[in-house]
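Beneath this line is the structure, given in structure tokens, with notes to follow.
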Amino acid sequence: MKRYDFGKRSGFKVPRATIGAMRLPKDDDEAVALIRHAIDAGMNYLDTSRGYGDSEIKVGKALKDGYREKVILSTKWAPWITKIEESDDASADCTRKRIEESMKRLDVDYLDYYQVWNIVNRETYDQAVAKGGMVDGIHKAIDEGSVGHTGFTTHDSVENLLTYIPEVDWAEIILFTYNLLNRTYAPAIQAAHQRGIGTIVMNPVGGGALAEQSSVLKKLADDAAARSVPDLALRYVLANHNVNTMLVGITRQTDVDDAVAATQETPFSPQTVAKIEGFLDGMTKENVGFCTLCKYCMPCPQEIDIPAIMSCIYDYRYWDLKKTARERYNKHMKGPKADACTQCGECEEKCTQNLEIAKEMAFAKEHLAEETAES
Ligand code: SF4
Ligand code: SF4
383 MKRYDFGKRS GFKVPRATIG AMRLPKDDDE AVALIRHAID AGMNYLDTSR
433 GYGDSEIKVG KALKDGYREK VILSTKWAPW ITKIEESDDA SADCTRKRIE
483 ESMKRLDVDY LDYYQVWNIV NRETYDQAVA KGGMVDGIHK AIDEGSVGHT
533 GFTTHDSVEN LLTYIPEVDW AEIILFTYNL LNRTYAPAIQ AAHQRGIGTI
583 VMNPVGGGAL AEQSSVLKKL ADDAAARSVP DLALRYVLAN HNVNTMLVGI
633 TRQTDVDDAV AATQETPFSP QTVAKIEGFL DGMTKENVGF CTLCKYCMPC
683 PQEIDIPAIM SCIYDYRYWD LKKTARERYN KHMKGPKADA CTQCGECEEK
733 CTQNLEIAKE MAFAKEHLAE ETAES
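Just so it is clear: in the sequence shown, position 326 is 708 by this note's numbering, and no numbers are missing.
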């Protein structure tokens, strides 16, 4: 794969598809073989984390036999995501301790990148950059020669990101979420790219949602002359030239091979991108007249999280993402579900979209709940 500048701050060159080591195979030998397959295919940037289970250990095993020298190795941590010890905090000293620990787990004496993991709001950003905070700890490791570079990953709001991207002269890279179904971060990615920060995208296939069989997405892929929905998803991200590289979450060899193939396909023309985006714009919740997640209907006397259920219904009904919708409804939603609805109608009086919420709760109970969901 051809390599391009990884932003303007680091001097590295990377291909447009690189390694996300979050969901490696359980078996160590399989994981080692898969990581090496990705590196052999030309993916020279590898992203892991202290918080990805035993990923660092597996990556460490894969990087033996001369593979360490072939990759730009990056790991990350933050106390607000994972506390390894109860006393963990965002101090420079604690960060130094976690850097040492990651190096031991990876069995390396040098990390190309150590990143602040998942800045989620202004408060966590301030903690990271405070005097004596995480960034100071990473800079100390850089001065001592055990770390080369730094950056951060984020799920903060675009609004916040646009306020602090201009001031993050310490960050050489930023990792964002971006894909066909979630284009929210496009302005922040553009702002970072314009400042020479290397931009990385995670979840190019929507954490697996875009790999699901969906008649709506299949038609969109056919119209764009893509080989499949995942191919459409990967090439849509590649069409954004503000993105330096996308992390391919590798779980099997075809993840690597499909991503390499997508980078070698003819890039989508501006007309194809405009057509895809025209379709996506038409499918926004506002445009289809569905729940906009404004939360004006809350609270529900039965403590049902109405917007969360409406969001599952939206994926099910408008995108034909039935499996994804059911998984979110059954596995990831907390609190009472649609079966607790008494059809009292209180929420409907407050709904800004005049939706028949009680009927939608009955729909969710019938189509999304595990015990009733059709296969
Ligand atoms: S109709 Fe159902 S969802 Fe709406 S407020 Fe009443 S119990 Fe809650
Ligand atoms: S008020 Fe209506 S549009 Fe807003 S979150 Fe509730 S159901 Fe959705």
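Every residue gets a Cβ at the ideal spot worked out from N, C-alpha and C, and that includes glycine.
When the Cα atoms are used, what is the spatial distance from residue i to residue j?
{"i": "R504", "j": "R565", "result": "21 Å"}
{"i": "E659", "j": "L620", "result": "14 Å"}
{"i": "I439", "j": "Q653", "result": "45 Å"}
{"i": "I793", "j": "E594", "result": "Outside the shown range of the chain (383 to 757) lies residue 793, about which nothing can therefore be said."}
{"i": "S597", "j": "I466", "result": "43 Å"}
{"i": "I556", "j": "C723", "result": "42 Å"}
{"i": "R480", "j": "G631", "result": "24 Å"}
{"i": "S392", "j": "H531", "result": "7 Å"}
{"i": "C694", "j": "S528", "result": "45 Å"}
{"i": "A615", "j": "G664", "result": "18 Å"}
{"i": "K443", "j": "A460", "result": "24 Å"}
{"i": "D387", "j": "E554", "result": "12 Å"}
{"i": "A751", "j": "I688", "result": "15 Å"}
{"i": "C476", "j": "Q509", "result": "13 Å"}
{"i": "P548", "j": "H537", "result": "17 Å"}
{"i": "S484", "j": "G590", "result": "28 Å"}
{"i": "T464", "j": "A472", "result": "11 Å"}
{"i": "C676", "j": "E738", "result": "15 Å"}
{"i": "R609", "j": "D525", "result": "48 Å"}
{"i": "E541", "j": "V550", "result": "15 Å"}
{"i": "T666", "j": "K657", "result": "15 Å"}
{"i": "F394", "j": "E685", "result": "51 Å"}
{"i": "E468", "j": "R708", "result": "35 Å"}
{"i": "K601", "j": "D447", "result": "45 Å"}
{"i": "A512", "j": "S539", "result": "20 Å"}
Which term fits residue i, buried or exposed, when burial requires 16 or more other beta carbons within 10 angstroms of its beta carbon?
{"i": "P612", "result": "buried"}
{"i": "K719", "result": "buried"}
{"i": "E756", "result": "Confidence is the limiting factor: at E756 the pLDDT is only 49, short of 50, which leaves the residue's position unreliable, though a coordinate-based value still follows. Exposed is the call here."}
{"i": "Q576", "result": "exposed"}
{"i": "R634", "result": "exposed"}
{"i": "D411", "result": "exposed"}
{"i": "P586", "result": "buried"}
{"i": "A629", "result": "As written in the sequence, residue 629 is Leu, which differs from the Ala given in the question. Buried, by the Cβ-count rule."}
{"i": "G514", "result": "exposed"}
{"i": "K458", "result": "buried"}
{"i": "S437", "result": "buried"}
{"i": "Y560", "result": "buried"}
{"i": "D491", "result": "exposed"}
{"i": "D639", "result": "exposed"}
Tell whether a beta-carbon distance below 8 Å holds between residue i and residue j.
{"i": "Y698", "j": "H749", "result": "yes"}
{"i": "Y618", "j": "L703", "result": "no"}
{"i": "L416", "j": "L455", "result": "no"}
{"i": "I571", "j": "N624", "result": "yes"}
{"i": "W499", "j": "G433", "result": "yes"}
{"i": "F650", "j": "A603", "result": "no"}
{"i": "G435", "j": "Y495", "result": "no"}
{"i": "P397", "j": "K384", "result": "yes"}
{"i": "A413", "j": "T430", "result": "no"}
What three-state label does DSSP hand residue i in the structure shown?
{"i": "F394", "result": "coil"}
{"i": "G389", "result": "coil"}
{"i": "D429", "result": "strand"}
{"i": "Q572", "result": "helix"}
{"i": "G515", "result": "strand"}
{"i": "M665", "result": "coil"}
{"i": "G717", "result": "coil"}
{"i": "H531", "result": "strand"}
{"i": "N626", "result": "coil"}
{"i": "S757", "result": "The predicted position of S757 is uncertain, since its pLDDT is 42 and thus under 50; no value can be drawn from it."}
{"i": "E742", "result": "helix"}
{"i": "G580", "result": "strand"}
{"i": "V441", "result": "helix"}
{"i": "N500", "result": "strand"}
{"i": "L416", "result": "helix"}
{"i": "L493", "result": "strand"}
{"i": "T734", "result": "coil"}
{"i": "L703", "result": "coil"}
{"i": "I481", "result": "helix"}
{"i": "G448", "result": "coil"}
{"i": "L614", "result": "helix"}
{"i": "K349", "result": "The displayed coordinates of the chain run from 383 to 757. Any statement about residue 349 would go beyond what the structure contains."}
Assuming residue i and residue j form a contact by the criterion Cβ under 8 Å, report the distance between their Cβ atoms to the nearest whole angstrom.
{"i": "Y507", "j": "Y546", "result": "6 Å"}
{"i": "A746", "j": "Y711", "result": "7 Å"}
{"i": "M692", "j": "E647", "result": "Actually they do not touch by this definition, with Cβ atoms about 36 Å apart."}
{"i": "V642", "j": "A399", "result": "6 Å"}
{"i": "K452", "j": "I421", "result": "5 Å"}
{"i": "W552", "j": "V517", "result": "5 Å"}
{"i": "E730", "j": "A740", "result": "7 Å"}
{"i": "C726", "j": "P683", "result": "7 Å"}
{"i": "R478", "j": "K522", "result": "6 Å"}
{"i": "C389", "j": "N626", "result": "Looking at the sequence shown, residue 389 is not Cys but Gly. So it is a contact: roughly 6 Å between Cβ atoms."}
Are the C-beta atoms of residue i and some chain B residue less than 8 Å apart?
{"i": "D489", "result": "Absent here is chain B; the protein component of the structure consists of one chain."}
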